[in-house]
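So the structure is just underneath, and the comments pick up after that.
Numbering (the numbering used here), first residue to last: 316 to 601.
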């Protein structure tokens, strides 16, 4: 008579292996297929045929990975047409990649196709719900679509997965601002996010959001201090990001009545746009 406990354990092990295989098929299908080929090789033989299949799988994986990486760099640099061509190639090689769908969503956001971006990002989240950057990108799209409650939910999900994710704090604070529920907790979120920033553009975006909050609270001196720090960091940001951030900074200067500084930021936006090609308008995602 079999032991129910040992049977349950075996079933759990099998379920875990199937779940792992399913995740591999979604993330790196080539690797999962290689594992299967190596497992059945002793029974099938056919070394030449299997070797050719292995070489083909490795080639496909390499091309797809490079296409995604270069597409991501192209989006960050504002070269949207290049990114679109590379994403098309990645989708042809494997249309069910969560990474490809997430990058497609980011590209669609940069092009202003927000509804389509939301669909692509939701598909990416469904395929790989444990990736915090997908939730942040979705949160950014929902903010732009005017749905701050859903945006806050996505940002909180990202923070549950990665409490050190600076952009998630920014999205959550922006969602609260958009829904009219800003309070002292909003400032705390932004300051926590600043403690986790790793790149200049992240720091500038968070500081701009913090300055906007401080201005809304009539804390003018503190806001001015934050904005001076922003202007010192801004030259280190990539050109397309710098253009979008200069635009943000100009809006904050408008609220302060500093028209001369607004003109300066407008000129910087034009210069960065000329240097960087197409602009990536959403400064929350990278």
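C-beta: ideal position from N, C-alpha, C; glycine also.
As the structure is a computational prediction, the values presented were derived from the model and not from experiment.
- [ ] Let me know the secondary structure DSSP gives residue 484 once reduced to three states.
- [x] Note: residue 484 maps to helix in three-state DSSP.
Open item on the list: What does the alpha-carbon distance come out to for the pair residue 577 and residue 451?
Closed with: In this prediction, residue 577 scores a pLDDT of 47, lower than 50, which makes its location untrustworthy; the coordinate-derived value is nonetheless stated afterwards. Taking the straight line joining both Cα atoms gives about 30 angstroms.
TODO: Would you kindly report the start and end of the unbroken alpha helix (DSSP H) that includes residue 426?
DONE: Per DSSP, residue 426 belongs to the alpha helix (DSSP H) from 413-426.
Task: Close-in-space but distant-in-sequence residues of the same chain around residue 463 (CB under 6 angstroms, 5 per side omitted) - done: Answer for residue 463: 490, 493 and 494, listed in chain order.
- [ ] Would you be able to state if there are at least three C-beta pairs under 8 angstroms between the segment 500-516 and the segment 476-487?
- [x] Look at the beta carbons and you see the segment 476-487 touching the segment 500-516: at least three pairs across the two are nearer than 8 angstroms.
Open item on the list: Distance check for residue 370 and residue 363, CA to CA, integer angstroms please.
Closed with: Residue 363 and residue 370: Cα-Cα distance of roughly 11 angstroms.
- [ ] Report the rounded CA-to-CA distance for residue 594 versus residue 345, giving the unit in angstroms.
- [x] Any reading at residue 594 must be qualified, since the residue scores a pLDDT of 41, below 50, and its modelled position is unreliable; no value is offered.
Open item on the list: Using 8 angstroms as the cut-off, can you tell me whether the segment 453-462 makes contact with the segment 425-442, which would need three or more C-beta pairs spanning the two stretches below that distance?
Closed with: Enough Cβ pairs lie closer than 8 angstroms, so yes.
- [ ] Taking residue 476 as the reference, give the member of 496, 447 and 541 with the closest Cα.
- [x] The shortest Cα separation from residue 476 among 496, 447 and 541 belongs to 447.
Open item on the list: On the CB-based measure, 16 or more other CB atoms within 10 Å of its CB, does residue 374 come out buried or exposed?
Closed with: By the 16-neighbour rule on beta-carbons within 10 angstroms, residue 374 is exposed.
Task: residue 465 versus residue 438: straight-line alpha-carbon distance, rounded - done: Residue 465 and residue 438: Cα-Cα distance of roughly 16 angstroms.
TODO: Taking the CB atoms as reference points, tell me whether residue 386 and residue 398 lie closer together than 7 angstroms.
DONE: A contact, by the Cβ cut-off of 7 angstroms.
TODO: Take residue 504 as the anchor and find which of 513, 456, 485 and 518 has the nearest alpha-carbon.
DONE: Closest by C-alpha distance to residue 504, out of 513, 456, 485 and 518, is 485.
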